[in-house]
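Each remark here refers to the structure printed beneath this line.
Okay, here's the thing in structure tokens:
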């Protein structure tokens with residue numbers, strides 16, 4: 187299965203990052219520099235490749251439908267996130283972290299490379315639409331959820347919401363409508379830069395796991411139950427529901443990857459910055475990333491996507 191092969195490749199990149207960090211071949215400063223490259227150069231290039239290297243003209247109606255779908259998916263995840271703390275009997279101090287981990291998945295650093303491998307550059311244009319509500323929500327609702335315990339209100343920071351990832355999405359969508367002739371050297375540059383996203387991002391994730399006691403991850407029963415809900419139950423239920431309304435297999439495939447990817451690394455970063463349960467969020471990112479190597483192919487098999 188192509189998806190399983192792709193997940194194994196990503197897992198190998200993670201192991202490389204884990205090994206290099208544990209052997210002091212790379213440091214925290216190195217990882218920060220690599221993360222900057224991924225966030226500001228490689229990942230935006232991957233988003234742009236969806237329109238730059240696609241020969242198919244995407245109709246406005248298709249993109250509008252995808253945006254409606256993306257908003258609906260996130261609305262559903264928000265509703266599910268409100269139930270998770272009650273279902274798992276989560277302590278109040280950790281409720282915000284569980285809510286944010288439920289809603290936000292690693293759709294950029296892991297989802298995009300998987301979608302590119304499975305469905306090609308054309309599917310990246312649809313996937314990039316999901317990134318717009320993702321960024322708006324994580325810097326608004328995500329922060330509010332993490333700060334819900336201290337009662338402080340966080341002002342909306344447009345500089346964070348309108349980041350390079352969102353701008354890349356808008357540019358990609360505009361290019362798909364305008365259909366400007368793109369020089370070959372631009373296409374090659376964008377393609378080569380986008381190819382950096384998967385190996386670099388997964389090696390950074392692997393390096394971050396070298397600082398975590400892996401054995402403790404698999405003894406936290408509540409976090410394990412959450413991982414099953416996050417990686418299997420919610421994606422499977424959501425996809426069976428979506429199949430009632432969507433017939434486009436590529437769009438369903440994009441939704442499958444968007445729903446089945448592990449917890450976004452941004453949840454740990456925001457938890458640290460806004461006094462959320464940073465330790466829990468870090469363990470959640472690590473555990474779901476490890477398990478996703480097996481659960482994403484499982485979700486694909488169960489749903490037939």
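Residue numbers (our numbering): 187 to 491.
Even glycine gets a Cβ: it sits at the ideal position worked out from N, Cα and C.
Residue range of the alpha helix (DSSP H) that residue i falls in?
i: residue 447; result: Run containing residue 447: none; DSSP gives neither H nor E here.
i: residue 215; result: 214–223
i: residue 294; result: Unbroken run through residue 294: none, as it is neither H nor E.
i: residue 424; result: 420–428
i: residue 207; result: 188–208
i: residue 364; result: 350–364
i: residue 300; result: 298–305
i: residue 230; result: 229–238
Here's the rule I'm using: 16 or more other beta-carbon atoms within 10 Å means buried, otherwise exposed. How should residue i be labelled?
i: residue 402; result: exposed
i: residue 448; result: buried
i: residue 399; result: exposed
i: residue 419; result: exposed
i: residue 285; result: buried
i: residue 250; result: exposed
i: residue 280; result: buried
i: residue 268; result: exposed
i: residue 426; result: exposed
i: residue 213; result: exposed
i: residue 463; result: buried
i: residue 230; result: buried
i: residue 218; result: exposed
i: residue 483; result: buried
i: residue 446; result: buried
i: residue 414; result: exposed
i: residue 459; result: exposed
i: residue 421; result: buried
i: residue 261; result: exposed
i: residue 328; result: buried
i: residue 490; result: exposed
Put residue i into one of helix, strand or coil per three-state DSSP.
i: residue 459; result: helix
i: residue 247; result: helix
i: residue 404; result: coil
i: residue 271; result: helix
i: residue 282; result: helix
i: residue 431; result: coil
i: residue 489; result: helix
i: residue 326; result: coil
i: residue 396; result: coil
i: residue 516; result: In the structure as shown, the chain starts at 187 and stops at 491, and residue 516 therefore has no counterpart that could be examined.
i: residue 385; result: helix
i: residue 276; result: coil
i: residue 373; result: helix
i: residue 416; result: helix
Taking 7 Å as the cut-off, does the CB of residue i come closer than this to any heavy atom belonging to the ligand MG?
i: residue 365; result: Absence of the ligand MG is noted for the structure shown, with no ligands found whatsoever.
Would you say residue i reaches chain C, if we count a Cβ-Cβ gap shorter than 8 Å as a contact?
i: residue 195; result: Structure shown: chain C not included; a single protein chain is present.
Give a yes or no on contact between the stretch 374–391 and the stretch 284–299, applying the rule of three or more CB pairs nearer than 8 Å. yes
- [ ] Would you check if the stretch 250–266 and the stretch 369–383 touch, i.e. whether three or more CB-CB distances between them fall below 8 Å?
- [x] no
query = So, do the stretch 459–471 and the stretch 307–315 have three or more beta carbon pairs nearer to each other than 8 Å?
reply = no
*Tell me, please, whether the stretch 408–422 touches the stretch 271–289 by the rule of three or more beta-carbon pairs shorter than 8 Å.*
yes
Could you tell me whether the stretch 313–333 touches the stretch 347–364, where touching means 3 or more Cβ pairs closer than 8 Å? yes
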